[in-house]
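**Q**
Number of protein chains: 2
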Amino acid sequence: MLSLRRYRHCAACGALVQYRVPTEDNRERAICVDCGQIHYENPTNVVGTLPLAPDGRVLLCRRAIEPQRGLWTLPAGFMELGESVAEGALRETLEEAGARVALDGLLSVLSVPRIGQVHLFFRARLLDLDFAPGPESLDVALFAWDQLPWDTLAFRTVRKTLEHQQGGGAALLIDTL
Amino acid sequence: MLSLRRYRHCAACGALVQYRVPTEDNRERAICVDCGQIHYENPTNVVGTLPLAPDGRVLLCRRAIEPQRGLWTLPAGFMELGESVAEGALRETLEEAGARVALDGLLSVLSVPRIGQVHLFFRARLLDLDFAPGPESLDVALFAWDQLPWDTLAFRTVRKTLEHQQGGGAALLIDTL
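First to last, the protein sequences are chains C and R. My numbering numbers the first residue of the first sequence as 4 and each following residue consecutively. My numbering numbers the first residue of the second sequence as 4 and each following residue consecutively.
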């Protein structure tokens, strides 16, 4: 696994931290050598949608930023403090694709332990076709299922989610990549 | 909303941070005044199970730690780096209840924006009845559904998840509390 340790200094007082196992814990944490504060590090959620047009085509975004600039993805991004999973998915769909959607339930929950992330995608219905690329997208387009850009997809979680929907997507996909 | 801001100092170099909106972002982040590093803060996942015995009774734990010491809860805790959602739920069930279970799919995904958390509970089958309280539990017990301790439950997400299972729990419960 990649090292996901982020702390060299204490976020509270600025002194150095050491990674060691606190009393009554069972794994190493960043502990301040001065004030003793423990800084926990946990996985983050990436939330997004698989937006479907009334004719069944799927909306994809071509990434304008790294990683995977130039490749195609579903609209998604890091969930923010103060919002729900659903609100985050709607926000990212609007920010990246300029698209307004209604959510139709969770389609996939994909853990990616190597990078400390969980990706959650909702199936969604486009409420209109007035979408447009946001600042993090080069392009936004609708694709028929037999014309998906399988060779230029940005992420494995996006591929898995698209494959799941293509296969019917009845049950929630829970998997680890 | 509670303030969930954790940074006063930079975790990389120890200098002070300021909360301001970075270029090409749309919300305030902790930015180091010296080295410029941006420290993102995102919701954390709490993962757990609703363990069912072969006779249909549900396993609950009585909390030995704050918050809500002495009240009953489903086995659950913070998802850790390096594990999947499912692995975290199995680990917490073992740590808090000493219980070995098989997962039967996701039962609830409950966002709690006020505290920056998402709670994910799996329906689970107890593989044996040799459970025992771990260090964070005072007691572990099986309850028939007409004898659940509704008045002494620890968390609203636990109550919602129990109510959902009691009502049949067919579809995944996605809600915000």
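Positions of the beta carbon are idealized from the N, C-alpha and C atoms, including for glycine.
1. Go to residue 199 of chain C, then tell me how far its alpha helix (DSSP H) extends in each direction, as first and last residue.
2. So which of R:179, R:148, R:38, R:19 has the shortest CA-CA distance to residue 171 of chain R?
3. Can you grab the Cα-Cα spacing for the pair residue 99 of chain R / residue 79 of chain R, in whole Å?
4. Closest to residue 65 of chain C by CA distance: which of C:7, C:115, C:50, C:152 is it?
5. Quick check: residue 2 of chain C and residue 51 of chain C, are their CB atoms within less than 8 Å of each other?
6. Tell whether a beta-carbon distance below 8 Å holds between residue 15 of chain C and residue 11 of chain R.
7. Roughly how many whole angstroms lie between the Cα atoms of residue 129 of chain R and residue 175 of chain C?
8. Put residue 41 of chain C into one of helix, strand or coil per three-state DSSP.
9. Give every residue of the same chain whose Cβ lies closer than 8 Å to the Cβ of residue 86 of chain C, excluding the five residues on either side of it in the sequence, and list them in chain order.
10. Taking residue 56 of chain C as the reference, give the member of C:143, C:161, C:8 with the closest Cα.
11. Helix, strand or coil: how does DSSP classify residue 66 of chain C here?
12. Can you name, in chain order, every residue of its own chain whose Cβ lies under 8 Å from the Cβ of residue 127 of chain R, other than the five neighbours on each side?
13. Could you check if residue 138 of chain C is buried or exposed, using at least 16 other CB atoms within 10 Å of its CB as the buried criterion?
14. Could one say the Cβ of residue 64 of chain C lies closer than 8 Å to chain R's Cβ atoms, at least one of them?
15. If the cut is a Cβ gap below 7 Å, which residues of chain C does residue 7 of chain R touch?
16. Do you know whose CA, among R:59, R:169, R:20, lies nearest residue 38 of chain R's CA?
17. Looking at the unbroken beta strand (DSSP E) that takes in residue 79 of chain C, where does it start and where does it end?
**A** Answer, in terms of the structure:
1. In the structure as shown, chain C begins at 4 and stops at 180. Residue 199 of chain C is therefore absent and cannot be evaluated.
2. As a position in the second sequence, residue 171 of chain R is number 168, starting the count at 1. Nearest option by C-alpha distance: R:148.
3. The residue labelled residue 99 of chain R in the question sits at position 96 within the second sequence. The residue labelled residue 79 of chain R in the question sits at position 76 within the second sequence. The straight-line gap from Cα to Cα measures roughly 8 Å.
4. Along the first sequence, one-based indexing puts residue 65 of chain C at 62. Nearest C-alpha to residue 65 of chain C: C:152.
5. Examination of residue 2 of chain C is not possible in this model, given that chain C is present from 4 through 180 alone.
6. Here residue 15 of chain C refers to the residue found at position 12 of the first sequence. Here residue 11 of chain R refers to the residue found at position 8 of the second sequence. Yes, the pair counts as a contact, with Cβ atoms nearer than the cut-off.
7. Taking the second sequence and counting its residues from 1, the one referred to as residue 129 of chain R is at position 126. Taking the first sequence and counting its residues from 1, the one referred to as residue 175 of chain C is at position 172. Taking the straight line from one Cα to the other gives about 22 Å.
8. Your numbering for residue 41 of chain C matches position 38 in the first sequence. Looking at residue 41 of chain C - three-state DSSP - the assignment turns out to be strand.
9. The residue you call residue 86 of chain C lines up with position 83 of the first sequence. Only 94 meet the Cβ criterion.
10. Locating residue 56 of chain C in the first sequence gives position 53, where the first residue counts as 1. Considering only alpha carbons, the answer is C:143.
11. By 1-based counting over the first sequence, the position of residue 66 of chain C is 63. Residue state, collapsed to three classes: strand.
12. In the second sequence, residue 127 of chain R corresponds to position 124, counting from 1. Once the five neighbours on either side are set aside, the close Cβ partners of residue 127 of chain R are 52, 53, 54, 55, 92, 96, 104, 105, 106, 107.
13. Indexing the first sequence from 1 puts residue 138 of chain C at position 135. By the 10 Å Cβ count, residue 138 of chain C comes out exposed.
14. The sequence position of residue 64 of chain C within the first sequence is 61, counting from 1. False, the Cβ-Cβ gap to chain R never drops below 8 Å.
15. Mapped onto the second sequence, residue 7 of chain R falls at position 4. In chain order: 84.
16. Residue numbering aside, residue 38 of chain R sits at position 35 when the second sequence is read from its first letter. Considering only alpha carbons, the answer is R:20.
17. Within the first sequence, residue 79 of chain C is the residue found at index 76, counting from 1. Start and end: 79–81.
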